[in-house]
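Below: the structure, in C-alpha cells.
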Ligand SMILES: Cc1cc2nc3c(=O)[nH]c(=O)nc-3n(C[C@H](O)[C@H](O)[C@H](O)COP(=O)(O)O)c2cc1C
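This is the structure in C-alpha cells:
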C-alpha cells in the first residue's frame, strides 16, 4: 500500500444534478491529506447479462480494474422505493462476476447517501450493508451519513453548504482511511 490511499467513489445515480454525485464531490474536498478520491461514473455500464460475464464489455473491464487498483471504496447511494437504485445494484453485480473473480473482494468500504426525503437514504443503506457483507467487503460502521432534505443542503452550484453533513463526511473518510490502514497491517 502506498503512503497516499486511493479511494474509488461511486454514486448510484446517472442524473446530471444528482445529490449523490454532489456528495461525492464534497467528499473529494473533505478527504484526509493522505488520501484522494477518484470518481467512477456509472454512465455507460450496460444491463448485466450473465451470458457476457466471461467476456464483459470494455467499460466493465475498466470498472473492475479501477476497483482492484483502489485501496478502498466509497458508495454514495440514492434511495429508490426503500432500496438501492437499479443502476448501483447492476454495477455491483457486474463487478462481482464471474464467480471467483469478485473485484470487491476484501475491499474496505464506506457508504453515505443523499435524498430530498427526511430519512436521507437510511433504508437503502440498511439494505446495502448486507450486500457488501456477501461481497466480502469490510464496511466502516460509523458514522452513518444520511444527507436528508438534500435540496436544502447543496447550493445552486452543487456545493455542500451544510456544516453538520460536512463534519460527518469528514469523520467517515477519516474512519475509512484508518480502517484501510489497519486492515493492511
Ligand atoms: C423510482 C424512484 C423511487 C424513489 N424512492 C425514494 C425512496 O424510497 N426514498 C427516498 O428518500 N427518495 C426516493 N426517491 C427520490 C430520490 O431520493 C431523489 O430522486 C434523489 O434526488 C435521487 O438521488 P440523486 O439526486 O442522487 O439522483 C425516489 C426517486 C425515484 C426516481
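Residue numbers (this note's numbering): -12 to 172. The C-beta atom is built at its ideal place from N, Cα and C for all residues, glycine as well. These numbers come from a predicted model, not from an experiment.
Where the beta strand (DSSP E) through residue i begins and ends
i: residue 25; result: 22 to 27
Residues bridged to residue i (per DSSP)
i: residue 127; result: Looking at the DSSP assignment, residue 127 forms no beta bridge with any residue, so it has no partner.
i: residue -7; result: 23
i: residue 60; result: -5 and 96
i: residue 67; result: 70
i: residue 105; result: Residue 105 is not bridged to any residue.
Segment limits, alpha helix (DSSP H) that includes residue i
i: residue 132; result: Here residue 132 belongs to no alpha helix (DSSP H); instead the beta strand (DSSP E) covers 132 to 134.
i: residue 117; result: 109 to 121
i: residue 156; result: 150 to 171
i: residue 46; result: 45 to 56
i: residue 73; result: 73 to 83
i: residue 17; result: 6 to 17
Sequence-distant residues of its chain with Cβ nearer than 6 Å to residue i (five each side left out)
i: residue 152; result: 134 and 140
i: residue 98; result: 62, 112 and 115
i: residue 101; result: 6, 7, 10, 134 and 137
i: residue 27; result: -5, -3 and 53
Chain-order list of residues whose beta-carbon lies under 7 Å from that of residue i (same chain, five-residue window excluded)
i: residue 77; result: 32, 34 and 35
i: residue 164; result: -8, 19, 21 and 22
i: residue 14; result: -4, 24, 61, 156 and 160
Residues surrounding ligand 1 [beta-carbon distance to nearest heavy atom under 5 Å]: 0, 2, 5, 6, 7, 65, 66, 67, 68, 69, 102 and 104
Cβ contact (3+ pairs, closer than 8 Å) linking the region 81 to 92 and the region -6 to 2: no
Segment contact, 8 Å Cβ cut-off, at least three pairs: the region 12 to 25 with the region 156 to 164: yes
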